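One structure is given here, and the rest of the page talks about it.
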Amino acid sequence: MGYSMRLCCVLVVLLVACACGEDPYRFFTWNVTYGDIYPLGVKQQGILINGQFPGPQIESVTNDNLIVNVFNSLDEPFLISWNGVLQRRNSWQDGVYGTNCPIQPGQNFTFVLQVKDQIGSYFYYPSLAFHKAAGAYGGFKIASRPGIPVPFPPPAGDFTILAGDWYNRNHTDLRAILDGGSDLPFPDGLIINGHGSNAYTFTVDQGKTYRFRISNVGLTTSINFRIQGHKMTIVEVEGTHTLQNTYDSLDIHLGQTYSVLVTADQPPQDYFIVVTSRFTSQVLNATSILRYSNSGTRAFGPLPGGPTIQIDWSMNQARSLRRNLTASGPRPNPQGSYHYGLINTTRTIVLQNSAPLINGKQRYAVNSVSFIPADTPLKLADYFKIQGVFSLGSISDYPSGGGGYLQTSVMEADFRGYVEVVFQNPEDTVQSWHIDGHSFFVVGMDGGPWSAASRLGYNLRDTISRSTVQVYPRSWTALYMPLDNVGMWNVRSENWARQYLGQQFYLRVYSPANSWRDEYPIPSNALLCGRALGHHIRA
């Protein structure tokens, strides 16, 4: 069956589903192109979606079905992935090379997503070929369904902030540096919503409260966020309502997203919104403007100070994040009804990052394995039972202590297992880790090496649940994670140079039942490539 015919079949199914009263459908058509951008005042080639950088924001409601038709008008293959959006039973739509064939130049692919039982703040990004360094990312928010109580009054407005480090070099030049065996240089600056300092303004009315959804979409650098003269009340972290603690500033590590409430309770004028780099010898900053609608005065004075290299300060702030046990999540029952700390774990996995030289080139590794992409997406190789693409168990549950080596690393795991995952960081830099398809409980973090005795300090009652977590220098972070989502899922560093150079692997969560209750079937419009070419998708 040709591609156009398969696409017609998909649309017919969608129309029938809509007519039968399923959850609402939202349709998006995106054209991905090159275009001139000037984030730091220097002209460079960016990647735009519908002519925009950042790309258009996805607005959705819990359980919505999202149909995103992506046309690739670049001169190289392209994929979009959805950071933190869980893809329940549907890793076919994850948008990373381990699960999807790239969209070839001049071609398109229609993602069919359902934001099942999710709320909160996320972002999407390009997952291949260091495209993230050129843009093509955007905000992704999932609102609660009507009638599901939210633990704060409706804000007067809802703003998205996509902040992070930026390079003036094109993504192809940065990619060439990495391919040549070197690490990236220090970033040229920070940007906020695609702009350098004071190019972006958020307008508010005095006395009203607003929600800010802040994502670190950068490549290599943790950031700190603050607003001159204003406090921030945290209300949500990557889909979890939190205890509403108040902060002067927030550390936001690579790939992370926070939601805060800010009340315009100061004299009417303009105020600086400040983002600065964290744990860097040279401190970068970028500013935007919070403008009161009745302001008659420009922002002035020194920028509000923030932390710079203090690790203990940041770790204590991270430990202060707590789950709101009385709030509803995407369903009306309280989030705290899931007593994660009373469940016995079935397996412990310790993952240690390293930075080996392999064949004279800089690489990055997990448990000594530096990931190399196979010639065929792993999910397709698994589905079609293509031998020789990957081996289960090609990455161990514990650090080996040996030097680094290249491997297409896949770890096997059983559906409905409940695992303890420990990220151990022996290096002097902050690490940030993301696990696709899953949300996990951050039960502990501390300095030094992890041991079984570290469990005595775990928070087993009200810790935060999220999909991206930091690991401080020469420290560890521990998670409890339910393996409740069948599929082939990417576990990766959110430092994009490290991810590109091998600090990632895939977690194959397997169910022998082969049931739609556990995982959706391969989509009829799935792209085939590599050794999957010539295979046929079973109806």
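Under the UniProt record's numbering, the first residue of the sequence shown carries the number 1, and numbering increases by one thereafter.
Using N, Cα and C, we set each Cβ at its ideal position, and we do this for glycine too.
No experiment lies behind these values; they were computed from the predicted model shown.
- Task: For S215, collect the residues of the same chain with a Cβ closer than 6 Å to its Cβ; drop the 5 residues on either side in sequence, then sort them by chain order.
- Result: Locating residue 215 in the sequence shown gives position 215, counting from the first residue. Answer for S215: F123, L162 and T257, listed in chain order.
- On a CA-only basis, which of G448, G393 and I103 is nearest V422? Give me that one, please. Residue 422 sits at position 422 when you count from the first residue of the sequence shown. The shortest C-alpha separation from V422 is found at G448.
- Item | Within 9 Å, strictly: CB atoms of Y364 and Q499 | For the purposes of this step, residue 364 is taken as the residue at position 364 of the sequence shown. For the purposes of this step, residue 499 is taken as the residue at position 499 of the sequence shown. Taking 9 Å as the Cβ cut-off, Y364 and Q499 qualify as a contacting pair.
- Item | Where the alpha helix (DSSP H) containing R319 begins and where it ends | In the sequence shown, counting from the first residue as 1, residue 319 sits at position 319. Start and end: I311 to S320.
- Output the residue ranges of the beta strand (DSSP E) runs that lie fully inside the region 381 to 447 and measure 3 residues or longer, sorted by chain position. 405 to 407, 409 to 414, 418 to 425, 431 to 435 and 440 to 447
- L14, DSSP secondary structure in three states: What you label residue 14 is simply residue 14 of the sequence shown in a count that begins at 1. The pLDDT assigned to L14 is 42, lower than 50, so where the model puts this residue is not dependable; a value taken from the coordinates is nonetheless given after this. Reduced to three states, the DSSP call for L14 is helix.
- Pick out whichever of S511, Q206, G135 and L321 has its Cα sitting closest to the Cα of V260. Counting from one through the sequence shown, the residue named residue 260 turns up at place 260. V260 has its Cα closest to that of L321, out of S511, Q206, G135 and L321.
- Item | Buried versus exposed, by CB contacts within 10 Å (16 or more), D173 | Mapped onto the sequence shown, residue 173 falls at position 173. Exposed.
- To the nearest angstrom, report how far apart I362 and P356 are at their CA atoms. Looking up residue 362 in the sequence shown gives position 362. Looking up residue 356 in the sequence shown gives position 356. Per the sequence presented here, residue 362 reads as Gln, with Ile not at that position. Spanning the two alpha carbons is a distance of roughly 6 Å.
- On the premise that Q118 lies in contact with P334, defined as a C-beta separation below 8 Å, what is that separation, rounded to the nearest angstrom? Counting from 1 along the sequence shown, the entry for residue 334 is found at position 334. Counting from 1 along the sequence shown, the entry for residue 118 is found at position 118. Not confirmed; about 17 Å, so no contact.
- Item | C-alpha gap between P523 and W92, whole angstroms | Here the question's residue 523 lines up with position 523 in the sequence shown. Here the question's residue 92 lines up with position 92 in the sequence shown. Distance between the alpha carbons of P523 and W92 is about 7 Å.
- Message: Going by C-alpha to C-alpha distance, which of G437, G306, N72 and N193 sits closest to residue 540?
- Response: With the chain running from 1 to 539 in the structure shown, residue 540 is simply not present.
- Query: Which residues in the same chain as I227 place their Cβ atom closer than 7 Å to its Cβ, once the five residues preceding and following it in sequence are excluded?
  - Reply: Translated into positions along the sequence shown, residue 227 becomes position 227. Result list for I227: V262, Y271, I273 and L290, in chain order.
- Under 9 Å between the Cβ atoms of V115 and V61? On the sequence shown, position 115 is the one that residue 115 refers to. On the sequence shown, position 61 is the one that residue 61 refers to. Yes. Within cutoff.
- Give the secondary structure of R538 by DSSP, where H, G and I count as helix, E and B as strand, and everything else as coil. To locate residue 538, count along the sequence shown from 1; it is residue 538. Coil.
- Going by alpha carbons, who is nearest to S281 out of R26, Q310, L406 and K379? Mapped onto the sequence shown, residue 281 falls at position 281. For S281, the nearest C-alpha among the options comes from Q310.
- Message: So the candidates are W433, I47 and P482; which of them puts its Cα closest to the Cα of N170?
- Response: Locating residue 170 in the sequence shown gives position 170, counting from the first residue. Answer by Cα proximity: I47.
- Item | Y247 versus T233: straight-line alpha-carbon distance, rounded | Taking the first residue of the sequence shown as position 1, residue 247 is located at position 247. Taking the first residue of the sequence shown as position 1, residue 233 is located at position 233. Taking the straight line joining both Cα atoms gives about 6 Å.
- Item | Sequence-distant residues of its chain with Cβ nearer than 7 Å to F78 (five each side left out) | Against the sequence shown, residue 78 aligns to sequence position 78. Same-chain partners within the cutoff: V32, N72, P102, I103, P126, L128 and H131.
- Query: Just to confirm, are L460 and V443 a CB contact at a threshold of 9 Å?
  - Reply: Along the sequence shown, one-based indexing puts residue 460 at 460. Along the sequence shown, one-based indexing puts residue 443 at 443. Closer than 9 Å, so yes.
- For T326, which three-state DSSP category applies? Numbered from its first residue, the sequence shown carries residue 326 at position 326. Note: T326 maps to coil in three-state DSSP.
- Query: Closest by CA to M315, which one among W476, R89 and V70?
  - Reply: Working through the sequence shown from its first residue, we reach residue 315 at position 315. Answer by Cα proximity: W476.
- Task: Can you grab the Cα-Cα spacing for the pair F390 / V419, in whole Å?
- Result: Taking the first residue of the sequence shown as 1, we reach residue 390 at position 390. Taking the first residue of the sequence shown as 1, we reach residue 419 at position 419. So the alpha carbons of these two residues sit roughly 23 Å apart.
- Item | R169 in three-state terms, based on DSSP | Locating residue 169 in the sequence shown gives position 169, counting from the first residue. DSSP places R169 in coil when its eight states are reduced to three.
- Task: Identify whether Q107 lies in helix, strand or coil by the three-state DSSP scheme.
- Result: Along the sequence shown, one-based indexing puts residue 107 at 107. The answer is coil: DSSP assigns Q107 none of H, G, I, E or B.
- S368 (DSSP reduced to helix, strand or coil): Your numbering for residue 368 matches position 368 in the sequence shown. The answer is coil: DSSP assigns S368 none of H, G, I, E or B.
- Is it true that the CB of L243 sits closer than 9 Å to the CB of N324? In the sequence shown, counting from the first residue as 1, residue 324 sits at position 324. In the sequence shown, counting from the first residue as 1, residue 243 sits at position 243. Contact: yes.
- Query: When the distance is taken between beta carbons, is D265 closer than 9 Å to Y210?
  - Reply: Here the question's residue 210 lines up with position 210 in the sequence shown. Here the question's residue 265 lines up with position 265 in the sequence shown. Cβ distance not < 9 Å, so Y210 and D265 don't count as in contact.
- Message: In the DSSP output, what is D251 paired with across the bridge?
- Response: Within the sequence shown, residue 251 is the residue found at index 251, counting from 1. N224.
- Message: Here's the rule I'm using: 16 or more other beta-carbon atoms within 10 Å means buried, otherwise exposed. How should R278 be labelled?
- Response: In the sequence shown, the residue the question calls residue 278 occupies position 278. Burial call: buried.
- Any chance you could list the beta strand (DSSP E) runs of at least 3 consecutive residues sitting entirely within the region 114 to 188, in chain order? 120 to 126, 138 to 143 and 157 to 166
- Message: So, does the region 427 to 439 touch the region 482 to 500, judging by three or more C-beta pairs under 8 Å?
- Response: yes
- Item | Where K379 falls: helix, strand or coil (DSSP) | What you label residue 379 is simply residue 379 of the sequence shown in a count that begins at 1. In the structure shown, K379 sits in a helix (DSSP, three-state: H, G or I).
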